[in-house]
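Asker: In the working numbering, the protein residues as written are 210 to 726.
Supplied in structure tokens, the structure appears directly below.
Here you go:
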């Protein structure tokens, strides 16, 4: 083994060992429950489900947010037109069926008999109002998926046509989460944007009760929910910004469920008889964004060197306890367009040094790296590998909200670590914000790549779309516009009294949670 690699690996293992000192296990997915004592009385019904997140919602207006912590809360208050089943396939929700009726028109049949929490009827008028509001520039919605939507036409009380400016092959996919939320027209018009941003009303399984900023959002069951009454009378999303405190609260029984805990911390509760852990496939994919306008990241050889420098397999094994998969680009395996023939960069520090020398940096270079404080374990490992090939990294630690704000304002450091879900489960969702040069998070310009994204966005033929996706991934691999890292498993740690099966999107739709039998 290369000496420098050995040093880095030893440091990583030592870090994990210190975090897990006194713990009885290291594989969260293998947790087994302790036998329970016999009792004649039935278990007391649990009435309140408490879910923890390390970030609060930024706003409770579903059309003015675009982050998963926000959507995790709002998906329990609002329904979407389309959803996904337990296998990740598109499934009916507020829309019962859909079909394209020409190149630029999709028709949706709507569910009858559904009411908003305030009593307003759900119908075609509500769909038109919501989608018109979403695409109105005055709304300033960050939801980019429906930028191609031209208008929503009412056919009858429970039928609408969505008309796009150009062919859009995945309109139903875009109505699963952020793009498909429907609001009550009368309520929004009477109360105004500022009011509904703090007092949301939807058709979902839970009704909004209160929001204590940076503390918790409280909801109560919608007893008239069209799918049936939720298993829990009350739902609370509690904000606990530190992962160690999250796990302490779980062990103390103060919270019931948490998603996405770092593998090393999840391992610390692996043998707790009151906690169970699941590790399942997830589409959240992580990478390091590289600003190609900044020297020396403007050189392809340097960017390639950074990809060869990082031992992804070592980090997955030692930090994620195997709960992740290496990726070749920024597309997860489950998303349409993924091409398994494109291989990930191997770990080759000598190749990295050679490329740096060829680019004019035989002694390396110095660069700023911006990082979310909640993800420092893996980030420090990445930095350790970069420094082993001569890259001096200045780490700038911030919180998630500040990092996203800096990204949006184009003020982020030349390198930053980020995860993207691609929640439409189509590779276009991964490309639209990060790959095309005129989009919000893109930091490279490539005319051929831009043209391929255009094909992906407007071509209905799946075969032609796959061809474009494959070529785009080849360009991404060759040009190394990012350091491609891993697709992380979804780790759910929860009370033994709760049953919950996560979905591949990773959104916390808690209607599917039940009391354990």
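Think of the CB as a built atom: it goes at the ideal place given N, C-alpha and C, for glycine as much as any other residue.
No experiment lies behind these values; they were computed from the predicted model shown.
So the beta strand (DSSP E) residue 259 belongs to, where does it begin and stop?
Answerer: Walking along the chain shown from the start, residue 259 turns up at place 50. Taken as a continuous stretch (DSSP letters only), the beta strand (DSSP E) holding residue 259 covers 257 to 262.
Asker: From the DSSP output, in three-state form, read off residue 663 for me.
Answerer: Here the question's residue 663 lines up with position 454 in the chain shown. Residue state, collapsed to three classes: helix.
Asker: When you compare the CB positions of residue 516 and residue 677, do they come within less than 8 Å of one another, or not?
Answerer: Position 307 of the chain shown, counting from 1, holds the residue named residue 516. Position 468 of the chain shown, counting from 1, holds the residue named residue 677. No, Cβ-Cβ distance for residue 516 and residue 677 is not below 8 Å.
Asker: Have a look at 671, 646, 652 and flag the residue whose alpha-carbon is nearest the alpha-carbon of residue 660.
Answerer: The residue labelled residue 660 in the question sits at position 451 within the chain shown. Residue 660 has its Cα closest to that of 646, out of 671, 646, 652.
Asker: Between the beta-carbon of residue 644 and the beta-carbon of residue 685, is there less than 8 Å?
Answerer: Counted from its first residue, the chain shown places residue 644 at position 435. Counted from its first residue, the chain shown places residue 685 at position 476. Taking 8 Å as the Cβ cut-off, residue 644 and residue 685 qualify as a contacting pair.
Asker: State buried or exposed for residue 294, treating a residue as buried only when at least 16 other CB atoms are found within 10 Å of its CB.
Answerer: Within the chain shown, residue 294 is the residue found at index 85, counting from 1. That one is exposed.
Asker: Please report the distance separating the alpha-carbon of residue 235 from that of residue 473.
Answerer: Translated into positions along the chain shown, residue 235 becomes position 26. Translated into positions along the chain shown, residue 473 becomes position 264. With a pLDDT of 35 at residue 235, under the threshold of 50, the predicted position of this residue should be treated as unreliable, though the coordinate-derived value follows. Spanning the two alpha carbons is a distance of roughly 8 Å.
Asker: Which of the three DSSP states is assigned to residue 503 in this structure?
Answerer: In the chain shown, residue 503 corresponds to position 294, counting from 1. Here residue 503 sits in coil by DSSP.
Asker: Quick one: residues in its chain with C-beta nearer than 6 Å to the C-beta of residue 529, no 5 flanking neighbours on either side, listed in chain order?
Answerer: The sequence position of residue 529 within the chain shown is 320, counting from 1. Answer for residue 529: 472, listed in chain order.
Asker: Going straight from the alpha carbon of residue 374 to that of residue 383, what length do you get?
Answerer: In the chain shown, counting from the first residue as 1, residue 374 sits at position 165. In the chain shown, counting from the first residue as 1, residue 383 sits at position 174. Between residue 374 and residue 383, the C-alpha separation is close to 15 Å.
Asker: Roughly how many whole angstroms lie between the Cα atoms of residue 210 and residue 545?
Answerer: Against the chain shown, residue 210 aligns to sequence position 1. Against the chain shown, residue 545 aligns to sequence position 336. Because the pLDDT of residue 210 is 42, which lies under 50, any placement of that residue in the model is unreliable, and the number read from its coordinates should be weighed accordingly. Between residue 210 and residue 545, the C-alpha separation is close to 38 Å.
Asker: Give me the residue from 346, 365, 634 with the minimum Cα distance to residue 356.
Answerer: Reading the chain shown from its first residue, position 147 is the one you call residue 356. Ranking the options by Cα distance to residue 356, first place goes to 346.
Asker: Give the DSSP-derived three-state secondary structure of residue 624 in the structure shown.
Answerer: Here residue 624 corresponds to residue number 415 of the chain shown, with the count starting at 1. Three-state result, residue 624: strand.
Asker: Report the option in 654, 652, 679, 653 whose CA atom is closest to the CA atom of residue 665.
Answerer: Here residue 665 refers to the residue found at position 456 when the chain shown is read from its first residue. Residue 665 has its Cα closest to that of 679, out of 654, 652, 679, 653.
Asker: Alpha helix (DSSP H) containing residue 561: first to last residue?
Answerer: Looking up residue 561 in the chain shown gives position 352. From DSSP, the alpha helix (DSSP H) with residue 561 extends over 558 to 567.
Asker: Report buried or exposed for residue 698, applying the criterion of at least 16 other Cβ atoms within 10 angstroms of its Cβ.
Answerer: By 1-based counting over the chain shown, the position of residue 698 is 489. Buried, because 16 or more other Cβ atoms sit within 10 Å of the Cβ of residue 698.
Asker: What does the Cβ neighbour count give for residue 310, buried or exposed, with the cut at 16 atoms within 10 Å?
Answerer: Here residue 310 refers to the residue found at position 101 of the chain shown. It is exposed - the Cβ of residue 310 has fewer than 16 other Cβ atoms within 10 Å.
Asker: Around the C-beta of residue 339, are 16 or more other C-beta atoms found within 10 angstroms, so that it is buried, or is it exposed?
Answerer: Counted from its first residue, the chain shown places residue 339 at position 130. By the 10 Å Cβ count, residue 339 comes out buried.
Asker: Applying the criterion that 16 or more other CB atoms from any shown protein chain within 10 Å of the CB defines a buried residue, is residue 554 buried or exposed?
Answerer: Position 345 of the chain shown, counting from 1, holds the residue named residue 554. Counting Cβ neighbours within 10 Å, residue 554 comes out buried, since at least 16 surround it.
Asker: With distances taken between CB atoms, is the gap from residue 358 to residue 371 smaller than 8 Å?
Answerer: The residue labelled residue 358 in the question sits at position 149 within the chain shown. The residue labelled residue 371 in the question sits at position 162 within the chain shown. Yes; because the gap between Cβ atoms is below 8 Å, this pair is in contact.
Asker: Which word fits residue 518, buried or exposed, when buried means at least 16 other C-beta atoms lie within 10 angstroms of its C-beta?
Answerer: Your numbering for residue 518 matches position 309 in the chain shown. So residue 518 counts as buried.
Asker: Three-state secondary structure (DSSP) at residue 274?
Answerer: The residue labelled residue 274 in the question sits at position 65 within the chain shown. Residue 274 falls in the coil class under three-state DSSP.
Asker: For residue 512, report the span of its beta strand (DSSP E) as first-last.
Answerer: For the purposes of this step, residue 512 is taken as residue 303 along the chain shown, with counting starting at 1. From DSSP, residue 512 is part of no beta strand (DSSP E) but of the alpha helix (DSSP H) over 509 to 518.
Asker: If I follow the unbroken alpha helix (DSSP H) through residue 589, where does it start and stop?
Answerer: Start at 1 with the first residue of the chain shown, and residue 589 comes out as number 380. Its alpha helix (DSSP H) spans residues 585 to 597.
Asker: Roughly how many angstroms lie between the CA atoms of residue 418 and residue 443, to the nearest whole one?
Answerer: Taking the first residue of the chain shown as 1, we reach residue 418 at position 209. Taking the first residue of the chain shown as 1, we reach residue 443 at position 234. C-alpha separation (whole angstroms): 10 Å.
Asker: Please specify which runs of the beta strand (DSSP E), each continuous and at least 3 residues long, are wholly inside the region 626 to 711, giving them in chain order.
Answerer: 691 to 697, 699 to 704, all fully within the region 626 to 711.
Asker: From the DSSP output, which residues share a beta bridge with residue 254?
Answerer: What you label residue 254 is simply residue 45 of the chain shown in a count that begins at 1. Looking at the DSSP assignment, residue 254 forms no beta bridge with any residue, so it has no partner.
Asker: Can you tell me whether residue 720 is buried or exposed, with buried defined as 16 or more other CB within 10 angstroms of its CB?
Answerer: Counting from one through the chain shown, the residue named residue 720 turns up at place 511. The residue in question, residue 720, is buried, as its Cβ has 16 or more Cβ neighbours within 10 Å.
Asker: Going by Cα to Cα distance, which pick from 580, 317, 696, 327 is closest to residue 543?
Answerer: Taking the first residue of the chain shown as position 1, residue 543 is located at position 334. Ranking the options by Cα distance to residue 543, first place goes to 696.
Asker: Distance, Cα to Cα, residue 481 vs residue 318?
Answerer: The residue given as residue 481 occupies position 272 in the chain shown. The residue given as residue 318 occupies position 109 in the chain shown. Rounded to the nearest angstrom, the two C-alpha atoms are 48 Å apart.
Asker: Flag this pair as touching only if the region 420 to 431 and the region 395 to 403 have three or more C-beta atom pairs under 8 Å; answer yes or no.
Answerer: Contact fails: fewer than three Cβ-Cβ distances are below 8 Å.
Asker: Quick check: the region 630 to 640 against the region 574 to 590, are at least 3 beta-carbon pairs closer than 8 Å?
Answerer: No, the region 574 to 590 is not in contact with the region 630 to 640.
Asker: Residue 371 by DSSP, collapsed to three states: which one?
Answerer: Here the question's residue 371 lines up with position 162 in the chain shown. Residue state, collapsed to three classes: strand.
Asker: Taking residue 527 as part of the alpha helix (DSSP H), name the residues at either end of that continuous run.
Answerer: Here residue 527 is taken as the residue at index 318 of the chain shown, counted from 1. Per DSSP, residue 527 belongs to the alpha helix (DSSP H) from 521 to 527.
Asker: Who are the near neighbours of residue 284 in its chain, counting only those whose CB is closer than 6 Å to its CB and skipping five residues on each side?
Answerer: As a working mapping, residue 284 is identified with position 75 in the chain shown. Only 716, 718 meet the Cβ criterion.
Asker: Determine, using beta-carbon pairs with one atom in the region 320 to 329 and one in the region 431 to 442, whether at least three such pairs fall under 8 Å.
Answerer: Cβ pair count under 8 Å is three or more, so yes.
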